[in-house]
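Enquirer: I'd like to ask you about the structure that follows.
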Amino acid sequence: MSSRCISMAFSDFYASHSHYKTRLVLHTRDSNNSVIGAAHAAGDLMTSAKVQAILGPQTSMQANFVINLGQNAEIPIISFSATSPTLSSLRSAYFIRATLNDSCQAQAISSLLQTFGWREAVPVYVDTEFGEGIIPYLADAFREAETHIPYRSVIHPSATDAEIAAELYKLMTMQTRVFIVHMPPILGYRLFDRAKEVGMMTEEYVWIITTGITNHLSFLHLFAKESMQGVIGVKPHVPRRKKLNRFIARWKRKYVKDNVDVTFFGLWAYDAATALAIAVENALAKETRPSSAFHLESGVSQIGKHLPEVISRTKFNGLTGTFNVLDGQLQSSSFQIVNILSNGERGVGFWTPDRGITRTLQPTTSESHSSSKANLKGIIWPGDSTSTPKGWVIPTNGKKLRIGIPVRSGPNQFVNIIRDPCTNKTTFTGYSIDVFDSLMKMLPYYVPYEYVPFAKSDGESAGTYDDLVYQVYLKNYDAAVGDITIRANRSTYVDFTQPYAESGITMVVPVYDRRSKNAWVFLKPLTWDLWVISACFFIFIGFVIWILEHRTNEEFAGSSPHQVGTGFWFSFSILVFAHREKIVSSLARFVVIIWCFVVLILTQSYTASLASMLTMQQLEPTITHMQDLIRKDDNVGYAKGSFVLGFLKHMKFAESRLKEYDTLDDLDVLFTKDKAHGGIAAVLGEVPYMKLFLSKYCSKYAMVSPAIKTDGFGFAFPIGSPLVPDISRAVLNLTEGDKIVGIENEWLGQQTSCPEQTTLVSSHSLGLNSFWGLFLIVGIASFTALIIYGAMFIYEHRLSLSKLHAKDLWDKITICFRKREEEQDSGGLQMMNRSMQSSRHLQKTNHSILSMRTSSSSSSVSSRSSSGLLTVADVNLFALREGGNSFV
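Residue numbers for the sequence shown, in the numbering used here: 343 to 1230.
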């Protein structure tokens, strides 16, 4: 078929380029489908036919030998079917690959695995240079996509059906169900026939074929299509242009009797022949002596050494699209994803380097790289299933997953192992166990598993949590379940699920009651800045009241010391609401009302804070920072087998100061001992365990914040385990629901219901930050009142101000105010003098009246008294007169 396509290419090209001076003559040799035959044929063409270029050979193994011959003779070898990437490593300047490199499809296959969430895949390839060439590129692409290759299945090119079936049975015992087949079409057809026979073309399997088979799908017989039903594959995308359609139509008319469809390799052969014809014309156009094209004595082509460079510069639109050779390789653009059905193949999508998986190649508004199943059409999987296979199953040998469980003598709320000596049966309970059991029930498929304690023959723990994780790495356990903290050093050996419980490292220390018992405790409710501001405002308000009242209120009049004392007395007496002075001015009343509101809030807040300090328990930790422990060289406790020991050593704690404990009761005992007898000042542990400890001894200890953050508790699986994504999604669903709350209440309890819990009061002093708004309000009100008062004063004395000869208005106001104060002071003195003179005059008048009427009154009283008829009016008058009261 290839020779027919090359002949048609020459015929078509020179028919449309009749003006070209050069013509290519085609010499054909049969390699007999062997490497030796290909080498012999190439040597014969070079020596006998004196060819200037060779189109072929067809296979990669043949090309490997022929390239060396072309390198020596300086004759370009143009291959349209040798796809092995290993040929590029030869770095021959005379080798031109006019077909796609197999490595181009590695990224497309990797994107397919990402799209469907398959994290493991087994390559099944032929044991030849062609088969092995793509494996390194697949491994690199899978590594970028975090896809694991657990096994590589190699099929010998001459393997019998029994040998192929034996390899397939081996694959059936593995959990991976995604297979990538890369081999020649004939061997591939035999592989799928055997796969159908052994039952590997059912719903749970995924088969992906490379271009090694998809490029020859047109040669599939009916029985081969039936055995490959449900397979998906990648193939180069060739746009259907008019030129290609006309060529296919001519091909079918010309070779109608052969009933053979043209393949991709035939199209590439056509384009390669066309490129060679163009290059020869361009190269020989510069030659003046065509007869010297081949040096007879040296056997070296004089024209061939120029052809590779000329071909690299040749670009045209061929049958397969744009022909463009870069670094001796034909550049690829896109691949089509096909689904093999019983009646042929069906395109379900495309892959491009820029856009990834896409349903069509039409440009869209979003050009971002995509790997979504929604970008593919519906796929019929093996077994006529439309449901996407999960890509893995539990091996068919009936083996259960062995789940390692840590053994510890400490708190058993998370993991509790109970052994029955009578029945020798082991029961596993606890928070972590219940969570894991719930997650496995949430999976959409059944996974058999069994718990295995990580213990020695005597039942004691076989090591630390790090040792258990390492056993999962060694495949001694299929997973590890328990209160296992997700840490960076552990994640290098295993894959963790999403955390199912929060964790971290925190410090717990004893607490003491710091209620103040000193004589100056009454000053502590307020900070010093609030005390100062309050005192300043008391003085300021007294000044404002004096300004507003002393002109109209006689109680604020008098001498200057008397006025100042009255103003301050009034302001401070508001503190206990004991002021007796009456307020006359409306502006002063406005200020006093606001100030009373502020004083009320201050006094109430002060009283509440002081009462709290004196009456309520105020628990405070004895140590607040980890560095205090290091500085004081105190003993520190840690749980037996916990990774906290390594953390403490990293924090430079002396190893002699680190004390180990088993149970929570042991920890309480360590706190009661003194330092000399191994007592501890603090304990560092994981947050869940410290919360359990506090729930039991909540009145004696406290947790010091902040905690050192860790990623929480998770379940450990081998790296690349397909269970991890599904269990992680189940963890998210479980933690967002109500079931996790029930599990927590059952095992961890409601830690807020501790009967010994006492109120932990934070009794910080009240500061200015809490009251600056009140002071701002009273300040604005006071200044507003002063401004209004000043405006009224200026308006009232506007005539006097206009008669003064001062420099500016402020001086005039000052002079006028002083005169007004002097007049008021002098008027006040005159009023006081007149009041005193009037008082003395009244006293003299009373004395004269009393002296004049004393004798008569006395005689009258005595006569009436003697007669026993002394009236109430007489008594009152007598008392009034005798008292000398000037009120009469």
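Just so you know, even glycine gets a beta-carbon here, dropped at the ideal spot from N, CA and C.
In whole angstroms, what is the alpha-carbon distance linking Thr834 and Gly1109?
Expert: Within the sequence shown, the letter at position 492 stands for residue 834. Within the sequence shown, the letter at position 767 stands for residue 1109. Straight-line Cα distance between these residues: approximately 52 Å.
Enquirer: Tell me which residues share the same chain as His648 and place their Cβ nearer than 6 Å to its Cβ, disregarding the 5 neighbours each side in the sequence.
Expert: Here residue 648 is taken as the residue at index 306 of the sequence shown, counted from 1. Taken in chain order, the residues that qualify are Ala625.
Enquirer: Going by DSSP, what residue range makes up the alpha helix (DSSP H) through Glu992?
Expert: Working through the sequence shown from its first residue, we reach residue 992 at position 650. For the sequence presented, residue 992 should be read as His rather than Glu. Element bounds for His992: 986 to 992.
Enquirer: Kindly indicate which three-state DSSP category Ile881 falls into: helix, strand or coil?
Expert: Mapped onto the sequence shown, residue 881 falls at position 539. Helix at Ile881.
Enquirer: Could you pull the start and end residues of the alpha helix (DSSP H) that Glu623 belongs to?
Expert: Along the sequence shown, read from residue 1 onward, the residue named residue 623 stands at position 281. Taken as a continuous stretch (DSSP letters only), the alpha helix (DSSP H) holding Glu623 covers 606 to 626.
Enquirer: In terms of alpha-carbon separation, which member of Phe885, Glu545, Pro499 lies closest to Trp911?
Expert: The residue you call residue 911 lines up with position 569 of the sequence shown. Looking at the Cα atoms, Phe885 is the closest of the given residues.
Enquirer: Check Lys1001 in the structure and name its three-state DSSP category.
Expert: Here residue 1001 refers to the residue found at position 659 when the sequence shown is read from its first residue. Here Lys1001 sits in strand by DSSP.
Enquirer: Pop quiz: Thr556 and Ile828 are said to be a contact at Cβ under 8 Å. What is the actual Cβ separation, rounded to whole angstroms?
Expert: On the sequence shown, residue 556 is found 214 positions in, with the first residue counted as 1. On the sequence shown, residue 828 is found 486 positions in, with the first residue counted as 1. For a cut-off of 8 Å, the C-beta gap from Thr556 to Ile828 is around 43 Å, too long to register as a contact.
Enquirer: By DSSP, does Asp820 sit in helix, in strand, or in coil?
Expert: As a first step, residue 820 must be located in the sequence shown, where it is residue number 478. Asp820 falls in the coil class under three-state DSSP.
Enquirer: State the DSSP-derived secondary structure class of Leu904, mapped to helix, strand or coil.
Expert: The residue labelled residue 904 in the question sits at position 562 within the sequence shown. The amino acid at residue 904 is misidentified as Leu; the sequence shows His. In the structure shown, His904 sits in a helix (DSSP, three-state: H, G or I).
Enquirer: Comparing alpha-carbon positions, which option in Tyr1031, Ala481, Ala381, Met343 lies nearest Phe561?
Expert: Along the sequence shown, one-based indexing puts residue 561 at 219. Of the candidates Tyr1031, Ala481, Ala381, Met343, the one whose C-alpha sits nearest the C-alpha of Phe561 is Met343.
Enquirer: What does the Cβ neighbour count give for Glu802, buried or exposed, with the cut at 16 atoms within 10 Å?
Expert: Here the question's residue 802 lines up with position 460 in the sequence shown. Counting every other CB atom within 10 Å of its CB across the protein chains shown gives Glu802 a total below 16, marking it as exposed.
Enquirer: Ile1085 and Val777 - do their beta-carbons sit closer together than 8 Å?
Expert: Here the question's residue 777 lines up with position 435 in the sequence shown. Here the question's residue 1085 lines up with position 743 in the sequence shown. Contact: yes.
Enquirer: According to DSSP, is Lys792 part of a helix, a strand, or is it coil?
Expert: As a first step, residue 792 must be located in the sequence shown, where it is residue number 450. Position check: residue 792 holds Glu in this sequence, whereas Lys was assumed. Glu792 falls in the strand class under three-state DSSP.
Enquirer: Assuming the contact rule is C-beta atoms closer than 8 Å, Ser495 and Val464 should be a hit. Round their C-beta distance to whole Å, please.
Expert: Stepping through the sequence shown from its first residue, residue 495 is reached at position 153. Stepping through the sequence shown from its first residue, residue 464 is reached at position 122. Indeed, because the Cβ distance is near 6 Å, the residues count as touching under 8 Å.
Enquirer: Can you tell me whether Tyr1043 is buried or exposed, with buried defined as 16 or more other CB within 10 angstroms of its CB?
Expert: By one-based count along the sequence shown, residue 1043 stands at place 701. By the neighbour-count rule (16 or more Cβ atoms within 10 Å), Tyr1043 is buried.
Enquirer: For Val757 versus Ile747, is the C-beta spacing smaller than 8 Å?
Expert: As a position in the sequence shown, residue 757 is number 415, starting the count at 1. As a position in the sequence shown, residue 747 is number 405, starting the count at 1. For Val757 and Ile747, yes; Cβs fall inside 8 Å.
Enquirer: Under the rule that 16 or more other beta-carbon atoms within 10 Å means buried, what is Phe939, buried or exposed?
Expert: For the purposes of this step, residue 939 is identified with residue 597 of the sequence shown, where counting begins at 1. Classification for Phe939: exposed.
Enquirer: How close, in whole Å, do the beta carbons of Leu387 and Ile409 come, if the pair is a contact with beta carbons under 8 Å?
Expert: Here the question's residue 387 lines up with position 45 in the sequence shown. Here the question's residue 409 lines up with position 67 in the sequence shown. 14 Å between Cβ atoms; not a contact.
Enquirer: Tell me which residues share the same chain as Lys783 and place their Cβ nearer than 7 Å to its Cβ, disregarding the 5 neighbours each side in the sequence.
Expert: Reading the sequence shown from its first residue, position 441 is the one you call residue 783. Same-chain partners within the cutoff: there are none.
Enquirer: So Arg536 is in the alpha helix (DSSP H); what residue range does that whole segment cover?
Expert: Taking the sequence shown and counting its residues from 1, the one referred to as residue 536 is at position 194. Arg536 -> alpha helix (DSSP H) spans 527 to 540.
Enquirer: Where DSSP assigns a beta bridge to Met849, which residues make up the other side?
Expert: The residue you call residue 849 lines up with position 507 of the sequence shown. Answer by DSSP bridge pairing, in chain order: Leu1026, Val1046.
Enquirer: Can you list, in chain order, the residues of its chain whose CB lies under 8 Å from that of Gln571, leaving out five sequence neighbours each side?
Expert: Reading the sequence shown from its first residue, position 229 is the one you call residue 571. The residues are Met543, Ile682, Leu683, Ser684, Ile722, Pro724, Asp726.
Enquirer: Buried or exposed, going by whether 16 or more other CB atoms sit within 10 Å of the CB of Asn818?
Expert: The residue you call residue 818 lines up with position 476 of the sequence shown. Exposure of Asn818 is indicated by the presence of fewer than 16 other C-beta atoms within 10 angstroms of its C-beta.
Enquirer: Excluding the five sequence neighbours on either side, which residues of its own chain have a C-beta within less than 8 Å of the C-beta of Val811, listed in chain order?
Expert: Numbered from its first residue, the sequence shown carries residue 811 at position 469. Answer for Val811: Ala822, Ile826, Arg832, Tyr835, Val836, Ala1058, listed in chain order.
Enquirer: If distances are taken between C-alpha atoms only, which option among Val602, Ser426, Phe458, Ser373 comes closest to Ile729?
Expert: As a position in the sequence shown, residue 729 is number 387, starting the count at 1. Residue 729 is actually Ser in this sequence, not Ile. When each option's Cα is compared against that of Ser729, the closest is Phe458.
Enquirer: Ignore the nearest five residues each way along the sequence and tell me which others in Gln673's own chain have a CB closer than 7 Å to its CB.
Expert: Translated into the one-based positions of the sequence shown, residue 673 becomes position 331. So the qualifying residues of the chain are Asn666.
Enquirer: Please list the terminal residues of the continuous beta strand (DSSP E) segment that includes Ser495.
Expert: Locating residue 495 in the sequence shown gives position 153, counting from the first residue. Note, Ser495: beta strand (DSSP E), 495 to 497.
Enquirer: Please report the distance separating the alpha-carbon of Pro790 from that of Pro841.
Expert: Along the sequence shown, read from residue 1 onward, the residue named residue 790 stands at position 448. Along the sequence shown, read from residue 1 onward, the residue named residue 841 stands at position 499. Distance between the alpha carbons of Pro790 and Pro841: 22 Å.
Enquirer: Could you compute how far the alpha carbon of Met1032 sits from the alpha carbon of Val850?
Expert: Taking the first residue of the sequence shown as position 1, residue 1032 is located at position 690. Taking the first residue of the sequence shown as position 1, residue 850 is located at position 508. Those two C-alpha atoms are separated by around 7 Å.
Enquirer: At the level of alpha carbons, what is the spacing between Val978 and Ser751?
Expert: Here residue 978 corresponds to residue number 636 of the sequence shown, with the count starting at 1. Here residue 751 corresponds to residue number 409 of the sequence shown, with the count starting at 1. The straight-line gap from Cα to Cα measures roughly 20 Å.
Enquirer: Along the beta strand (DSSP E) that carries His524, what are the first and last residues, could you check?
Expert: For this step, residue 524 is matched to residue 182 along the sequence shown. His524 -> beta strand (DSSP E) spans 520 to 524.
Enquirer: Do you know how far the Cα of Ala804 is from the Cα of Tyr815?
Expert: Residue numbering aside, residue 815 sits at position 473 when the sequence shown is read from its first letter. Residue numbering aside, residue 804 sits at position 462 when the sequence shown is read from its first letter. Each residue's Cα considered, the two are about 16 Å apart.
Enquirer: Can you tell me where the alpha helix (DSSP H) holding Arg592 begins and where it ends?
Expert: Taking the first residue of the sequence shown as position 1, residue 592 is located at position 250. Per DSSP, the unbroken alpha helix (DSSP H) holding Arg592 starts and ends at 584 to 596.
Enquirer: Where does Val863 land, buried or exposed, given buried means 16+ other C-beta within 10 angstroms?
Expert: Position 521 of the sequence shown, counted from the start, is the residue given in the question as residue 863. Exposed, since its Cβ has fewer than 16 Cβ neighbours within 10 Å.
Enquirer: Hey, quick one: how far does the alpha helix (DSSP H) through Asn666 stretch, first residue to last?
Expert: Taking the sequence shown and counting its residues from 1, one reaches residue 666 at position 324. No alpha helix (DSSP H) holds Asn666; DSSP gives it neither H nor E.
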